[in-house]
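What follows is a short report on a single structure.
Residue numbers (the UniProt record's numbering): 1 to 615.
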C-alpha cells in the first residue's frame, strides 16, 4: 500500500529548527544568563584562602586560631578540591569599594555539596559569629537560602570588607568554584530564570510522556512501551542530577543520590537499546549492529543487578554507568546509520536525535568521568536530551499517523472489495439470468427450481453476512465458490463443467475473504466468450510445503488481451482490488502469475506463510 509522505521536508525542518533555537535560547540564553555574578577572587581585592582538613576533625575554633601561614592562597583557576571523606575550609575576604553597603550572595557556581557551614562576624550573636548552613542533605527550612544552590546572604559594609569562613564536606568529594553576587536581586533573578527554564523542560517531558502514553494505550506496541520506560528513566535522572528535588523541598545527598542516578541511567540505557532494536528492526536490517546493541543491553542489565550488591554505593559504579550510557548512544547512532542505509525510513530520526544528544552527553560524560563538575555542559545535556526526546516522539507520531492512514486505506480497500464482490455477483444481469432460470424450471422441474432458489439465498447470505475485514478458512471460501458454481452450471447447463481439487490440509488455512471469486468469475466469463465448446473450469489447491500455498484457477479457452473495437470490455477493477489486497495481507510474500498453453488459461496464486487475521 502506498504510504503517505510529507509533501516537503521544509516545513518539518523549519519546525525542528525553531524548536532547537527555542530550547537553546531558553536553556543557554535565559537560564544561562549570569549577569551580576563575579568569580572570586575579584578585581576589587577580594581574596580566597584554603585550609585542608584530611580527616575532617577541625573545629571552628581550631580554624580561627590558625596562623595566616597555614592558609593557602587560591588564585581562582580550576576548583577548590577535597577528596573522598575529606573536608576543606575556605576563608573569604569580601571587599566593597562602593559608598553603599552591599547585601549580596556567596554561592557555589556549579556543584551541589552534601553540607556547607558558614560563619561570618555578627555582633548580635554571643560569640560574635553568625552560623548558617546549606547543602543537599539539609532540609529546605534550615537553609540560609531556599532552593538547590549552596548559597548564603552576606552583607559587606560600604568601603569595607567582610571575612567569611566556609566548611565543605561531601561523600563524593568537594569541587568548589565560589562566586559573589554583589546584589541579592541579581542572584534571585537568576534563580527564577533557572526555575522557569527547568519547569519548561520538565513540562515538555511530561507532555511527551502523557502523549506517548495515550498512543501506547491505543496501539500496545512493544517498542512504544520501551520508549515510555526510557522517558521515565531519563526524566528521573535529569530531575535528580539537576537537584530539582531540592526545589520541591526534598533533601537527598550522597551516596543515596549516586544510587538513584545510577539506577535511572542504567535503566534508561537498557530500555533505549530495546526501543531502538525493535523500532528499527535491527535484527533484520543489520544483524551485526543488533548484536552490538544486545551487548550494550547486557552491560546495562548487569549494572542494574550490581546495584543490589553491598558496594553499589561506591561512586565507581556511577562512573561506569555514565561511560556505558555514552557508549550505548554511540553504538545506537552507528546502528541507526546502518539501518538508514538498509532502507529504514524511521532511522533518520534516530540519527538526528542521537546526534543532538551526543552533543550534550559526550562533554558531560567526559567531565563527569574526569571527576569535574558539570558546569555549562549540564545545560548542553538538557538541550540535547530535550531535542532527542522531541525527535523520537516525532518519529513515533509519524509512524502512528502512517499506521492510522494504512488502517483507514485498508478498511476502504476491504469495503471496496466487498462492494466489488456484490457488483460482480449480484448485478442485474446475474440476477436476471438466475431468476429467469428459476422461472423456466417452476413448471417443468419444480424440485430443481426450489433447489436453485435455495442456492441463490445461500449465496446471498454468505456474501452479505461475511466480514470483509477478517480472514477465514480456505474451506469456507471454497464452499462459497461451490455455491456460485452450482448456480453458474444451472445457467450454462451442459456448456459448463467444473471441478474443485483441494488437499484436505489446505481447508484450514486462513485466507482473506472473497479471494477466489474474481478469478472464478473471470474464468467462466472469458471461457464462455472465447470458446463455442463446453467450457471446463478447474480449481486446484495444494500445499507445496509447510509455508507455501498454491491456488490455480484454469479454464478452457483463450487469454483475452486488449479487446478489439466493438468487443465487450472489462474495467479490471476486480483484479486490481485483488492485487491490492494481496499486497496488504501478503506483503512481499505472494506471486500472481498468468499463462496460456494447450487450450487452457491458467491463473496461479502462490502465498507464503498465510496471513493471520488483520483487524
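For each residue, glycine too, the CB sits at the ideal point set by N, CA and C. These numbers come from a predicted model, not from an experiment.
Identified DSSP bridge partners for residue i
{"i": "residue 190", "result": "Answer by DSSP bridge pairing: none, since residue 190 is not bridged."}
{"i": "residue 95", "result": "161"}
{"i": "residue 498", "result": "537"}
{"i": "residue 388", "result": "Answer is none; residue 388 lacks a bridge partner."}
{"i": "residue 596", "result": "601"}
{"i": "residue 554", "result": "538, 602"}
{"i": "residue 281", "result": "None, per the DSSP bridge assignment."}
{"i": "residue 178", "result": "108"}
{"i": "residue 134", "result": "116"}
{"i": "residue 155", "result": "103"}
{"i": "residue 608", "result": "548"}
{"i": "residue 80", "result": "176"}
{"i": "residue 67", "result": "Answer is none; residue 67 lacks a bridge partner."}
{"i": "residue 580", "result": "Its beta-bridge partners do not exist; DSSP assigns none."}
{"i": "residue 559", "result": "BP columns for residue 559 are empty, so no partner."}
{"i": "residue 590", "result": "607"}
{"i": "residue 87", "result": "53, 169"}
{"i": "residue 129", "result": "121"}
{"i": "residue 72", "result": "50"}
{"i": "residue 455", "result": "Bridge partners of residue 455: none, in fact."}
Assigned exposure category for residue i - 16 Cβ within 10 Å defines buried
{"i": "residue 522", "result": "buried"}
{"i": "residue 116", "result": "buried"}
{"i": "residue 170", "result": "buried"}
{"i": "residue 132", "result": "buried"}
{"i": "residue 599", "result": "exposed"}
{"i": "residue 461", "result": "exposed"}
{"i": "residue 568", "result": "Bear in mind that a pLDDT of 44 at residue 568, under 50, signals an unreliable position, so the number given afterwards is only what the model happens to contain. That one is exposed."}
{"i": "residue 196", "result": "exposed"}
{"i": "residue 142", "result": "exposed"}
{"i": "residue 84", "result": "exposed"}
{"i": "residue 261", "result": "buried"}
{"i": "residue 596", "result": "exposed"}
{"i": "residue 264", "result": "buried"}
{"i": "residue 565", "result": "Here residue 565 scores only 37 on pLDDT, less than 50, and its place in the model should not be relied on; the value that follows carries that caveat. Label assigned to residue 565: exposed."}
{"i": "residue 481", "result": "buried"}
{"i": "residue 454", "result": "exposed"}
{"i": "residue 99", "result": "exposed"}
{"i": "residue 438", "result": "buried"}
{"i": "residue 329", "result": "buried"}
{"i": "residue 91", "result": "buried"}
C-beta atoms of residue i and residue j nearer than 9 Å
{"i": "residue 181", "j": "residue 104", "result": "yes"}
{"i": "residue 321", "j": "residue 266", "result": "yes"}
{"i": "residue 96", "j": "residue 185", "result": "no"}
{"i": "residue 555", "j": "residue 537", "result": "yes"}
{"i": "residue 108", "j": "residue 72", "result": "no"}
{"i": "residue 285", "j": "residue 342", "result": "yes"}
{"i": "residue 144", "j": "residue 118", "result": "yes"}
{"i": "residue 528", "j": "residue 478", "result": "no"}
{"i": "residue 258", "j": "residue 172", "result": "yes"}
{"i": "residue 280", "j": "residue 325", "result": "no"}
{"i": "residue 456", "j": "residue 541", "result": "no"}
{"i": "residue 304", "j": "residue 333", "result": "no"}
{"i": "residue 254", "j": "residue 136", "result": "yes"}
{"i": "residue 552", "j": "residue 602", "result": "yes"}
{"i": "residue 128", "j": "residue 121", "result": "yes"}
{"i": "residue 227", "j": "residue 396", "result": "yes"}
{"i": "residue 233", "j": "residue 155", "result": "no"}
{"i": "residue 605", "j": "residue 515", "result": "yes"}
{"i": "residue 347", "j": "residue 331", "result": "no"}
{"i": "residue 179", "j": "residue 39", "result": "yes"}
{"i": "residue 607", "j": "residue 511", "result": "yes"}
{"i": "residue 112", "j": "residue 69", "result": "no"}
{"i": "residue 560", "j": "residue 526", "result": "yes"}
Delimiting residues of the beta strand (DSSP E) encompassing residue i
{"i": "residue 165", "result": "160 to 169"}
{"i": "residue 49", "result": "47 to 53"}
{"i": "residue 104", "result": "102 to 108"}
{"i": "residue 117", "result": "115 to 121"}
{"i": "residue 305", "result": "Segment 287 to 306 is the alpha helix (DSSP H) holding residue 305; no beta strand (DSSP E) there."}
{"i": "residue 39", "result": "37 to 39"}
N-terminal and C-terminal residue of the alpha helix (DSSP H) that residue i is part of
{"i": "residue 619", "result": "A query on residue 619 cannot be resolved here, the shown segment of the chain reaching from 1 to 615 and no further."}
{"i": "residue 242", "result": "From DSSP, residue 242 is part of no alpha helix (DSSP H); its letter is neither H nor E."}
{"i": "residue 523", "result": "517 to 530"}
Closer than 8 Å: residue i CB and nearest the ligand ATP heavy atom
{"i": "residue 34", "result": "The ligand ATP is absent from the structure shown, which contains no ligands of any kind."}
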